[in-house]
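Under this note's numbering, think of the first position of the sequence shown as 124, with each following residue one higher. We put the CB at the ideal spot given by N, CA and C, even for glycine.
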Amino acid sequence: MLKRSLACASLLSLSLSMLAPAAWAQAPSPKPSAAAKAQPRAKNVILFLADAGGVPSINAASLLGYGEPLKLHVQAWPNLGLSETSPVDHFVSDSANGMSSIMTGVKTRNGVISQSPAAERGKRDGQPTKTLLEYAEQHGLRTAVVTSESIADATPAATYAHSNDRKKWGEIFPQAFAPRFGDGVDVLIGAGRKEIGEQMAAAGGGFDQLSKAHSRPIYAQLDQVPASNARPVVVSDHVDVRAATLKALDLLQASPKGYLLVVEWDAHTDDVRKGLQNVVDFDKLVAEIQGRVDLNDTLMLFTADHSFGLQVDDGRRGEPLLEGYDAWKATGKDDHLVRLKNVQINRTHTAEEVAALAIGPGAEAVRGYFPNTHLFKVMMDAFGWTPDPAVKD
Ligand SMILES: [Zn+2]
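1) For A267, tell me which candidate among S239, S224, D457 and D306 has the shortest Cα-Cα distance.
2) Can the beta-carbon of L193 be found closer than 9 Å to that of V385?
3) Quick check on the DSSP output: what are the complete beta strand (DSSP E) runs of length 3 or more inside the segment 297-330, in order along the chain?
4) Measuring only the C-alpha atoms, how far is L311 from T454?
5) Could you tell me if T368 is buried or exposed, where buried requires 16 or more neighbouring beta carbons within 10 angstroms of its beta carbon?
6) Evaluate contact between the segment 476-496 and the segment 442-453, counting only Cβ atoms and requiring at least three cross-stretch pairs below 8 Å.
7) What residue range is occupied by the uninterrupted beta strand (DSSP E) comprising G432?
8) Check whether the segment 391-409 touches the segment 175-186, taking contact to mean three or more Cβ pairs, one atom from each stretch, closer than 8 Å.
9) Taking its Cβ as the centre, do 16 or more other Cβ atoms sit within 10 Å of F171, making it buried, or is it exposed?
10) Cβ of A481 versus every heavy atom of ligand 1: is any distance shorter than 8 Å?
11) Count the other C-beta atoms from every protein chain shown that fall within 10 angstroms of the C-beta of D309, then say buried if there are 16 or more, exposed otherwise.
12) In its own chain, which residues sit with a C-beta less than 6 Å from the C-beta of G245, not counting the 5 before and 5 after it?
13) Would you list the one or two residues that DSSP bridges to Y189?
14) Distance check for D428 and L205, CA to CA, integer angstroms please.
15) Determine the closest residue to A486 out of G177, G381 and V197, with distance taken between C-alpha atoms.
16) Per DSSP, which residues does S180 bridge with? Please list them.
17) Can you tell me which of V168, P210 and A513 puts its alpha carbon nearest to the alpha carbon of N495?
18) How many Å lie between R316 and K397 at the Cα?
19) Identify every run of the alpha helix (DSSP H) within the segment 388-469, keeping only runs that are complete inside it and at least 4 residues long; order them along the chain.
20) I need the straight-line Cα distance from T473 to T227, nearest angstrom please.
21) Under 8 Å Cβ to Cβ from Y448, same chain only, skipping five residues before and after it: list those, please.
22) Does the distance between the C-beta of T368 and the nearest non-hydrogen atom of ligand 1 fall short of 8 Å?
23) Run the proximity test for M226: is its beta-carbon closer than 8 Å to any non-hydrogen atom belonging to ligand 1?
Right under this line is the structure:
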């Protein structure tokens, strides 16, 4: 552990303090005994979810951002596993099943938000499956969800809501105000203001009504949040993910009992430059956040909900990875397959396993091939929590 941490530090020119070995790896406290071997515990967990950011996208993001492989910050983390993402009935996952599996430890069907596989998208409900965020609320931790996408979109929704259809934003978003455990998600920052507003209006509601009913303002911009508000809800048209995440972390770090922070950044490479640049920026944010937390008590996990059809199959050092991108973009074509000089994009989700990278207490359980539901267990174990008995369909 120590050697690996030092290797990371030299690779990335990071300060040693940022990557100091966890306390449990240091000299044992007064009486070394069997108890000293206890499972390392995390007070805080931060989950970074690169939506559609599979192994090929991590590889290509390093090439785009740095002209070399293995230059992303997370690629120096000491624990790596390959997380299998399929739903119960298909080979390829969407974000709804992918994130639900990570957050609840229960695989379900595509389109379904944190419900058991008995759910059928748009047709019938399954049992709600309890999310890690709900466990965190039950245990009195502070919780936050930040996303570049709609705050009611499948990935963030799977943390705080239960629905048989990911598109029911007017039904999903209000669930953040009617929590099943604790006082519900404390910090919620995302986009989708227009569409969520329209769906709530169609159901006879709206931001104002919801806000009044729960005495909780819903801001349209992050900079409208007063310093006195420790539980802000921001639903914008566009989100500055870095600013939002730093704000959320500031608020969570005041929590005496610890926190759960979930950050999603879109990494779909339908538009390959945009998607890969998002991964580069996300990775920089991860490095920045790591510099603000204590790895002795904070587990950091970076993964994806599913992979995406992207392959680098040519190119050389010193030349642009995305040669031909501007010409392709100018055509305005929306083809399923995009052929650039060095990259082929099959613009759809794909079935191969995604990387799960981790550092901090409990991170060593992230290794080998495993179903994505294992990540739920990794985070629960890090907190030292036992899941409730499994729901019956
Ligand atoms: Zn996704």
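Well, looking at it:
1) As a working mapping, residue 267 is identified with position 144 in the sequence shown. Cα-wise, what sits closest to A267 is D306.
2) Reading the sequence shown from its first residue, position 70 is the one you call residue 193. Reading the sequence shown from its first residue, position 262 is the one you call residue 385. Taking 9 Å as the cut-off, the Cβ atoms of L193 and V385 do not count as close.
3) Qualifying beta strand (DSSP E) stretches, in chain order: 310-314.
4) Within the sequence shown, residue 311 is the residue found at index 188, counting from 1. Within the sequence shown, residue 454 is the residue found at index 331, counting from 1. When rounded, the distance between both Cα atoms is 38 Å.
5) Along the sequence shown, read from residue 1 onward, the residue named residue 368 stands at position 245. Buried: at least 16 other Cβ atoms inside 10 Å.
6) The segment 476-496 makes no contact with the segment 442-453; the number of CB pairs closer than 8 Å stays below 3.
7) The residue labelled residue 432 in the question sits at position 309 within the sequence shown. Run containing G432: S430 to V435, per the beta strand (DSSP E) assignment.
8) yes
9) Within the sequence shown, the letter at position 48 stands for residue 171. Answer is buried; the Cβ neighbour count reaches 16.
10) To locate residue 481, count along the sequence shown from 1; it is residue 358. A481 has its Cβ no nearer than 8 Å to any heavy atom of ligand 1.
11) Mapped onto the sequence shown, residue 309 falls at position 186. With 16 or more Cβ atoms within 10 Å of its Cβ, D309 is classed as buried.
12) Against the sequence shown, residue 245 aligns to sequence position 122. If we look at G245 and ignore the five residues flanking it on each side, its Cβ neighbours are D288.
13) Numbered from its first residue, the sequence shown carries residue 189 at position 66. Bridge partners of Y189: none, in fact.
14) Counting from one through the sequence shown, the residue named residue 205 turns up at place 82. Counting from one through the sequence shown, the residue named residue 428 turns up at place 305. Each residue's alpha carbon lies about 12 Å from the other.
15) By one-based count along the sequence shown, residue 486 stands at place 363. Answer by Cα proximity: V197.
16) Taking the sequence shown and counting its residues from 1, the one referred to as residue 180 is at position 57. In DSSP, S180 forms no bridge with anything.
17) Along the sequence shown, read from residue 1 onward, the residue named residue 495 stands at position 372. Nearest C-alpha to N495: P210.
18) Within the sequence shown, residue 316 is the residue found at index 193, counting from 1. Within the sequence shown, residue 397 is the residue found at index 274, counting from 1. The straight-line gap from Cα to Cα measures roughly 22 Å.
19) Within the segment 388-469, the complete alpha helix (DSSP H) runs of at least 4 residues fall at 395-413 and 448-454.
20) In the sequence shown, the residue the question calls residue 473 occupies position 350. In the sequence shown, the residue the question calls residue 227 occupies position 104. Near 22 Å, if we compare the C-alpha coordinates of T227 and T473.
21) Position 325 of the sequence shown holds residue 448. Around Y448: V395, R396 and L463.
22) Counted from its first residue, the sequence shown places residue 368 at position 245. Result no, Cβ not under 8 Å from ligand 1.
23) To locate residue 226, count along the sequence shown from 1; it is residue 103. Answer for M226: no, Cβ out of range of ligand 1.
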